[in-house]
Structures are given as C-alpha cells and as structure tokens.
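Have a look at the structure below before the remarks.
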Amino acid sequence: MLNYSLKRFVYMLITLWVIVTLTFFLMHMIPGDPFTSEKKVPEQIRQNMLAKYHLDKPLIVQYGYYLNNLVHGDLGISLKYLNRTVDDIIKQSAPASFQLGIQSIILGVIFGLLFGIIAALKRGGGWDYFSMFLAIIGISVPNFIIATLLQLLLASKLRWLPVSGWGSFKYTILPSIALSFSTLSIISRMMRTSMLDVIGQDYIKTAKAKGLSQLQIIWKHMVRNAIMPVVTVLGPLIAGIVTGTFVIEQIFSIPGLGKFFVQSIYDEDYSMILGTTIFYSVILVVMMFLVDIAYGLIDPRVRLAKGGK
Amino acid sequence: MKGYKKILIIGLAMLIALSAVLAGCGGSASNSASNSGNDKQVLNLNLTQEPPTLDPQKATDVVSIDILTEILDGLTRYDKDGKIKPGSGLAKSWDISNDGLTYTFHLRDAKWSDGDPITAQDFEYAWKRALDPNTASQYAYQLFYIKGAEEYNSGKGSADQVAVKALDDKTLQVTLKAPTPQFLGLTSFVTYLPLEKSVYEKYGDKVGTDPDKLVYSGPFVISQWNHEQSIILKKNKDYWDSSSVKLQTVNFSMIKDNNTLVQNYDNNTLDSIFVPGDYIDKYKNSNEYSDKALATNWYVQFNTKSPVFKNADIRKAFTLAIDRKAFVEQVTKDGSIPAEAVVPPGVPGYNGDFRKEAGETYFKDNDVAQAKELLKKGMAELGLSKLPTITLLGDDTDNAKKYDQALQQMWKQNLGVNVQIQNVAFKVRIDMMNKGNYDMVFAGWGADYNDPLTFLDMWETNNGNNTAFYSNPEYDKLIDEAKVNGDLKSRNDQLIQAEKILMNDMPIGPVYFRARAFVVKPYVKDLYFPTFGSDWEFKWAYIQNN
C-alpha cells in the first residue's frame, strides 16, 4: 500500500506539472494580454507595466520565473486585482466555495442514497416514481434554473430566506440545495440501479432464510454491496462541487472561487488563471487519490489487487 | 457493517438538524424584513463586482472609481449639476495665468481621516508617484498635460522636472505644456487624487487593498470590506464639508446576476439599481424609473484599410442604412438616443452644449434610398460587381450579440448585404481591432473628461486609439491646433470643423448615444447620476419618509 501510495504521489506531481505547463503556454496563445484595454495607453506606459510583471521577457524565461516562484509557494500577484496576491485571493474566496460544496454534497449524498434505496425497495411504486422524477429534474434541468426558482419562491415570494449574499448559515441554504440537485440525481440513480442488482442475488435470499429482519438485510447486505459504484463517482463529484460553481456563486452573489476561475480567462489575468487551475487540479487529484484509498478500505479485494501491483 | 450504520445515523441526524435550522431561519428572515427603521440614513446600492484596486494612482475601472470618488476628495469635485466651481473640493480657490498654462491652487484647511492635515505636498507626492515608471500606473498619461510629466514617465526626465510643486503647505502650483480647458475637471479624476506619503511608505504596494491600508479625505470612509461580497462606507466625520453629508452608512453589495439584482430591488434590499435591458419593460411605467444620457457613444467602426471599407461611399452607405430609432426603441430599450453625430449631447462646447452648437445631425437616419445609391457608387468606384464576405466583429456578451444581430438584419433588409457576425471575448476584440484584423466592429467610447476633444482626438492619424486607421491631414491639423489653442471660442470652432470632416469621411458610423436606465426608491433623495466618471454621486443624498 505504501509503495502504491508513493507511486501515486509522484504521478500526482507529474500530472500537476503537465497541467501548469500546458495552461501556461495555452493562455499566452489567447490574443491580447492582461493590459489590453479599450483605451490604449502610450507605448511607454505599456512597457512600464509589462516590465513590472516580467511580461516583457521571452515566454520561456517567464515560464522559468513562474516555476521557480511556484516551488517556493508563491503564486504571484493578480494582474487585475492589482496589489493583491493570488494566494490571498484563494485564501479569502475558497472557504465560501468549500462550505457551499460540502453542504451540498452532504445534502446530495444523504438524499441521493435515501431516494435511491427507497426507490429500489419500492420499485414500481409511488416512491420509485417520485425519486426518479426528482433525479430526472436534477439531471435535465440546469442548476441555475433550479436556483432561480428557489430564489423566486423561497426568498422573493415567501421571504423565508435571503435572495442573495453571504454571511450567516441562512445565506447558504438556497445555494446548497440548488447545487445539491445534480449530486442527488446521480447518486440516487446509481444507488437504485446497484441496489436492484443486489436485491436479486442469492445471498439476499439466504439472509432472508436465516431469519434476519428486513432492516438488517437492507443495511448489512444490500447497501454495503450496492454502495461501491457510488463511492467511485464521489471523488470527482466532490472535487467539482467543493471548488465552487461559477453559475451558482454568481446567482447567489457568493464570494467564492468559482468566478475567479472563469473570469480570469476573460481578463487574461495570467497569474490568476494559473493559480486557480493549480488549486483546482490539486483538489481533483487529491480527491481521486482519496477515493482510491476509500475504495480499498471498503472492499479488501481492491486493496489487495492494487497493493500487489 | 457497523460503520455504515453510524454513517447513516449521522447522516439522518444532520438532515434533521438541517431541517430544523432551515425552518428556524425562515421565521427570523421574515421578521427582519418587516422591521425596517424610520429614516435611518442608510443607502443600499450594488457595485456589480469587487473593485480591482483602491490605490488611486492605479485605478482605471469604473467600479474602483465609484468608491474612490466618495472616499477621497480631489482639488475639485463636480457639483450636483456636473459643474466645477471653486471651493467644491480641497482647493478653496485657484489662479490661472494669462497664458492658461500655470495653475496655482490654494488649499482649504482639511484633514485626513488619521488627523493629519491635507497639504499641497500630498498632491505633489501622489502625482509624481503616478508618473514614476516603477509604479506602472496605467492612467499615468492622464497627467501628461503637465510639463515634464511624460518625460519623467518615459525615463527621459526626472521627478524634479515635473512642473508640479508645493509652494507651501497650502499652495500647489502646476504648469501645463499647453492650455488645457479640461484640466480643472481632470483634477477631480482618480489619478489626480492625493495620497499621504507616510501611508504609502507604510503599506507600499498594499495601499488600498484593505480599509485600514488607506487614509480618507472624502465624504465617506470604508468601515468594512468583505472581498467579493460587500463594502460598507460610513460618514467621514473629519471631512471638511461633513455638514453637507447626511447619509451615515452606504452599503454596497456585489451582485452580478441580473435576476438576483432585480429581486433584491423588489425586496427592498437595494434602494436603487441600474435596470438591466431585459427588465426595462418591468419598470418603465413606474415612477421610480428614469433614464439618463451618458457621455458615451456607440458606433460601427470601419477598417479603412479593408478592401471594401477603404471606400468612403460604402462606409456612408452602411451608416445610412441603420435604423437608429428602431434600434434604441426595440433593441437597447434603455432610453439611449439615436446618434447622427460623434460628440454626445451634454458635453460642453464654448458657451453651452457642444451638440447644439455644432448641429444635432450630419445625416438622415435610416436613409435607405441614399444608402443604396452610395453603395452602388462605391462599388463602381472599386470596380466591384459583388461585395466580398463582410464580417462584423463584436463582443460575446448577450447584449452585444443582440445588438450585432439587429445591425446585421438592417443591412440585409436595407442594402441586401449579407454580413457575418464574429462574437469574441472583449480582450480578443480589442486585440483584433488594434491589429486591424476586422472589416467592421461595433464599438463604444466613454468620455475620459467632459470635453468634445475626448471623442475627437482619438481619430488623429497617429493616435493609438485610432483603430479605424483613419487619416486626414486637415483633420489632424485642426485637432493639433485645438489642443493648444487658448482662445476657447476659436478652439470650439476648430472642434466643430473637425467633427464635420469626420462625419464626411465617416470612418465611424454613429449608432446611438448611450443612456442608462435606473430605478430609485421614492424615499431616496438627491442621489445623482453623473454623465461620466463614477456611476453615482451620493455625497448629498439622504433618506426621507422610509
């Protein structure tokens, strides 16, 4: 397991280096630069600005500077939010995205599992249709529409919750629900399918024959065996959501990281593009790594197979 | 197996807790909504986004300017009518030499928010800092009217050679390269705002990144800045004119989404918003609605180096074939005004409005017959029997796409020409314009200062903003002369003459003068919407009968 983990760690570093390098050169291929503006400034001023941020140097030298700073833990200064470092911006905005992401994952996973289990157990009944109806909505209706509807109904009309903003817990409820819908849909559908696979298995019949109660059979035999595929998708799902989503953050005016990721490309804010890309990549890669380990913990066969390699 | 039981139990417990909190929050939110105070001097506005920087010498965007103009006073400040009067800012009065070159400002007794007196040295220091090449200030060129400024910024001169000098604590003397009628207005602009040397020395490049990393000289101070979320301004008790300031608090949210913005206005969370285009109809008939023309023009810019648009008749044909009235009434729908000239209304001329002095129009709107005639003529001149594929370049925002499609439709209908649309990201559009990599582009220009020159000098042959690559020696001569002409009457005549030439050669086809629609709650009084510069002026605003 240790060998396997070490190997995975080295792969992780290589993956990150490839991402940084590709992003660095690709972003420089976008026409214009961070200081391209509608009102053209005299050439000398432009040169002063390029020099201040080392953008007047050849690309390969800039790349060298960047990598050198990166290994020293310095992500540089934002070229749009002048005077603010990318580290600061990530530190300030990531917690909001995290909180929102974790809450929505909790909601999505709990309800997703519950609906999936119930749907499988009551197959063909009202509950099954209800949970699959929810799942279809979650997958086919974009979350910004769900967000807007929730906002309109619960905030604007009923005034139970604030329309937008960030602060106390109540501000997080609507965006968390809106964001949880797709997780809920994916998980409930997967859980339902894999539960149905399990229900028909012989060992369930054996369990029944042994006289175990219905609840014991469900928890001990069905859920444990059915949950494996669900765990597999959790990694990327969590990484995707925890790092925030641009649209939901925009709709609810949440000071998260999502908008930096998208907006920095429009602004050609080079250091911000790289900073957010690295940050997201690290989370994604780490999450996938953790899922692999979790997978091994849940199912010893996986652990043995991977550990043996 | 036990592990799963635990997970499920914890999950269910969290679910129950969450529902309980959810239910609880609902109650408290509805209570607070109905419990608004009476005439609390609190104004709630939306800033759309985080200000990129509150370093006065580095700020260039309108969001930063919105905040900076309320927390820092310059030598002058525009009054409620958009005029500069002596004593409106930190300069009590000023003298201008007979040749219009030397300005001597006499400062009033005023204090920074840290208690230090505001001195002439603070201005000298700030202006020279903006010009210092190491500061890399993008708007340093706004100070290039000052003698020695450009030389210092380009490394050919020194700070000592910049002709701005604090004669004593209360007297600032500035010598300009040429008479510049807009100079007094410029002294209210952000790049010209003062900065205390000790503050910069203390915080360096971190100036203006947090409320405590700046000292204030304006009507308000920042009491709280939650990045990406909100800015709270409080009345500045040390402000020299604090008796005019009635508001105690101004809360800025940073909402970008249009639907969320409108809901917050309807919910009374915001007291005034700029109405997004799609929501104009919702408010148009309300007494809270107004629109106001801005000093901004939007036009179709032709690449005069392109094989087709090098011909002036074809440029005119495309300009005349636009139905501006329909465009502003059915497409922008925000009170914008059809434009048949370059300089927007409201920009001052010699003795009133430049637009009125120069004449309202240079051509007839939607003159289809004439447009067809000119197209035919132009194509004959170029020896073309058929136009090649013509592309209209534009931004990739929803609004821009809508506007471009409307123009495309008009050219198809009125001229029978098929125009392709190319929508790209803003910076890509600018880059393509700079490189002349386009046929036509739908572009706009907002005033840098309140003078016709800001809309006209950009079309000089060697001006960096002349991305139409237009060149007319007669035009260049008029603009060059106007720039240094101390006789304001003849200067105005030169500018009128220049605009006439521009509209005859038509490197740009004016489409509309931009207006902005806004709604304001009836209890908000004296909130002003300037035609250029910042979005609001709320120094004099107050709340009544709320």
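Chains A and B, in that order, give the protein sequences. Take 64 as the starting number for the first sequence in the working numbering and just add one per residue. Take 24 as the starting number for the second sequence in the working numbering and just add one per residue. Cβ coordinates follow ideal geometry from the N, Cα and C atoms, glycine included.
Simplified DSSP assignment, three categories, for residue i
i, result
"Phe275(B)", "strand"
"Gln64(B)", "coil"
"Thr283(B)", "helix"
"Asn206(A)", "helix"
"Trp468(B)", "strand"
"Ser571(B)", "The structure shown has nothing for residue 571(B), since chain B only spans 24 to 569."
"Arg582(B)", "Past the edges of chain B, shown from 24 to 569, lies residue 582(B), and the structure says nothing about it."
"Phe478(B)", "helix"
"Asn58(B)", "Any answer about Asn58(B) is weak, because its pLDDT of 37 lies below 50 and its placement is not dependable; what the coordinates show is given next. Three-state DSSP puts Asn58(B) in coil, outside helix and strand."
"His284(A)", "helix"
"Tyr329(A)", "helix"
"Lys220(A)", "helix"
"Gly139(A)", "coil"
"Tyr565(B)", "strand"
Min CB distance residue i to chain A below 9 Å
i, result
"Val578(B)", "Lying before the first or after the last residue shown, residue 578(B) is absent from chain B, which here runs from 24 to 569."
"Val318(B)", "It should be noted that the sequence gives Ala, not Val, for residue 318(B). Judged by the 9 Å Cβ criterion, Ala318(B) is not in contact with chain A."
"Glu219(B)", "no"
"Asn473(B)", "no"
"Asp137(B)", "no"
"Glu173(B)", "yes"
"Ala149(B)", "no"
"Pro496(B)", "no"
"Gly231(B)", "yes"
"Ile531(B)", "no"
"Gln161(B)", "yes"
"Ile413(B)", "no"
"Ala448(B)", "yes"
"Thr484(B)", "no"
"Trp559(B)", "no"
Closer than 9 Å to chain B by CB, residue i
i, result
"Tyr116(A)", "yes"
"Gly54(A)", "There is simply no residue 54(A) to check, as chain A begins at 64 and stops at 372 in what is shown."
"Gly164(A)", "no"
"Ser227(A)", "yes"
"Tyr126(A)", "no"
"Gln264(A)", "no"
"Arg222(A)", "yes"
"Ser316(A)", "yes"
"Ser219(A)", "yes"
Backbone CA spacing between residue i and residue j [nearest angstrom]
i, j, result
"Phe128(B)", "Asp516(B)", "30 Å"
"Thr554(B)", "Ser494(B)", "30 Å"
"Lys102(A)", "Asn488(B)", "7 Å"
"Ile303(B)", "Ile360(B)", "15 Å"
"Leu195(B)", "Gln162(A)", "53 Å"
"Leu217(A)", "Ile208(A)", "14 Å"
"Leu224(A)", "Leu237(A)", "8 Å"
"Ser246(B)", "Asn146(A)", "20 Å"
"Phe196(A)", "Ala289(A)", "21 Å"
"Ile262(A)", "Met253(A)", "14 Å"
"Ser225(B)", "Asp558(B)", "Sequence check: residue 225(B) is Lys here, not Ser. Each residue's alpha carbon lies about 31 Å from the other."
"Val222(B)", "Leu130(B)", "20 Å"
"Ala381(B)", "Ser309(B)", "35 Å"
"Tyr535(B)", "Lys115(B)", "39 Å"
Neighbour flag for residue i against chain D, beta carbons, 9 Å
i, result
"Ser245(A)", "Structure shown: chain D not included; protein chains present are A and B."
Task: Contact list for the region 320-349 of chain A against chain B, Cβ threshold 7 Å - done: Tyr329, Glu331
TODO: Determine contact between the region 95-107 of chain B and the region 206-224 of chain B, defined as no fewer than three beta-carbon pairs at a distance below 8 Å.
DONE: yes
Task: Chain-ordered residues of the region 80-109 of chain A with a beta carbon less than 9 Å from chain B - done: Ile93, Pro94, Gly95, Asp96, Pro97, Phe98, Thr99, Ser100, Glu101, Lys102, Lys103, Val104, Pro105, Glu106, Gln107, Ile108, Arg109
Open item on the list: If the cut-off is 8 Å on Cβ atoms, which residues from the region 269-298 of chain B count as contacting chain A, listed in chain order?
Closed with: Ser276, Met277, Ile278, Lys279, Asp280, Asn282, Thr283, Gln286, Asn287, Asp289, Asn290, Thr292
Open item on the list: With three or more C-beta pairs closer than 8 Å as the rule, is the region 74-86 of chain A touching the region 339-346 of chain A?
Closed with: yes
Task: Validate contact between the region 184-197 of chain B and the region 454-469 of chain B using beta carbons, cut 8 Å, 3 pairs - done: no
Task: Residues within the region 279-296 of chain A neighbouring chain B, beta-carbon criterion of under 7 Å - done: Trp282, Lys283, Val286, Arg287
Open item on the list: If the cut-off is 7 Å on Cβ atoms, which residues from the region 134-165 of chain A count as contacting chain B, listed in chain order?
Closed with: Lys143, Tyr144, Leu145, Asn146, Arg147, Gln155, Ser156
Task: chain A contacts made by the region 233-263 of chain B, where a contact means CB separation under 8 Å - done: Asn249, His250, Glu251, Gln252, Ser253
- [ ] Assess, as a yes-or-no matter, whether the region 69-78 of chain B is touched by the region 271-279 of chain B under the definition of 3 or more beta carbon pairs within less than 8 Å.
- [x] yes
Open item on the list: Three Cβ pairs or more, each shorter than 8 Å: is that satisfied between the region 302-319 of chain B and the region 533-546 of chain B?
Closed with: yes
TODO: Give a yes or no on contact between the region 460-478 of chain B and the region 327-343 of chain B, applying the rule of three or more CB pairs nearer than 8 Å.
DONE: yes
Open item on the list: With three or more C-beta pairs closer than 8 Å as the rule, is the region 90-98 of chain B touching the region 241-257 of chain B?
Closed with: yes
Task: Interfacial residues, the region 190-215 of chain A to chain B, with Cβ spacing under 8 Å - done: Thr211, Gln214, Leu215
- [ ] Could you say if the region 132-147 of chain B and the region 231-249 of chain B meet the contact criterion of at least three C-beta pairs nearer than 8 Å?
- [x] yes
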